[in-house]
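All residue numbers for the sequence shown refer to the UniProt record's numbering, where the first residue is 1 and numbers rise by one.
Idealized CB from N, CA, C, for every residue including glycine.
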Amino acid sequence: MHIKDRKVWRARAEALAKQKKLIRVQVGQLGITPAFLRATSDVLQKHGLVRVKLGEGCGLDRANAADVLERYLDAVCVHQIGFTITLYRRQGLPRPSNTQPLNEAQREQAAAEAAAAEAEAAAAAAEAAERRAAKKRAGQQKPQQRPPEFSVL
C-alpha cells in the first residue's frame, strides 16, 4: 500500500476513533490465538478497520505483533503507537485461509464444553437460590410469635 493511502486510512481511523465508532480488540495474556485471529478477521471483513491493543501480559512487542497480524489477517498496518496497532483490510475480501472456521470435530468438542459449562452454571445458580431461600426461612417468624421488641407488652 502506498504511503498516501496509508495516511488516508489512518486519518479515517482517527476520525472513527473520535466518534467512538472504531472497533477495538485486545490481545490478552494468551497472545495471538486462533480464536483472536478469527474474531479480528470477522471485524475486518465487516468494518475494514480495527484497532488492536496489546495487553500487558501478552508478551509481544508492537513491531512483531504488527507483522504477525498483517501476515495472518491479510491486512495492512496503517498506524502504530504505544501498545496499539491499527489495521486495514478492504471490505468484502474473503476470509484468509489460515483463519478458517473450526472443523466438525472441533465444533462438536466446543459445543460439548459449552453444554457442560452451562449445566455447571445452572447447578451453581440452583444451589445459590436454595441457600437464599434457607436464609430467608431462618429469619422468618413462626405463626403467633411476636418480634422480641414487642414481647414486653
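Determine the burial state of residue i: buried for a count of at least 16 other Cβ atoms within 10 Å of its Cβ, exposed for fewer.
| i | result |
| --- | --- |
| Arg131 | exposed |
| Arg89 | buried |
| Gly59 | exposed |
| Thr33 | exposed |
| His2 | exposed |
| Leu30 | exposed |
| Ile81 | exposed |
| Ala75 | buried |
| Ala119 | exposed |
| Ala66 | buried |
Note down, in chain order, each residue of its chain lying with its Cβ closer than 6 Å to the Cβ of residue i, except the 5 sequence neighbours on either side.
| i | result |
| --- | --- |
| Ala114 | none |
| Asn64 | none |
| Gln19 | none |
| Leu16 | Leu22 |
| Gln91 | Gly48 |
To which residues of the same chain is residue i closer than 7 Å at the C-beta, ignoring the five residues directly before and after it?
| i | result |
| --- | --- |
| Phe83 | Lys53, Leu54 and Arg62 |
| Gly28 | Gly55 and Cys58 |
With DSSP as the reference, label residue i as helix, strand or coil.
| i | result |
| --- | --- |
| Thr40 | helix |
| Ile32 | coil |
| Gly57 | helix |
| Gln19 | coil |
| His2 | coil |
Looking only at DSSP bridge pairs, what is residue i linked to?
| i | result |
| --- | --- |
| Arg24 | Arg51 |
| Cys77 | Leu87 |
Near residue i, which residues of its chain fall below 8 Å by C-beta distance, leaving aside the five closest residues on each side in sequence?
| i | result |
| --- | --- |
| Ala13 | Leu22, Leu49, Arg51, Val78, His79, Thr86 and Tyr88 |
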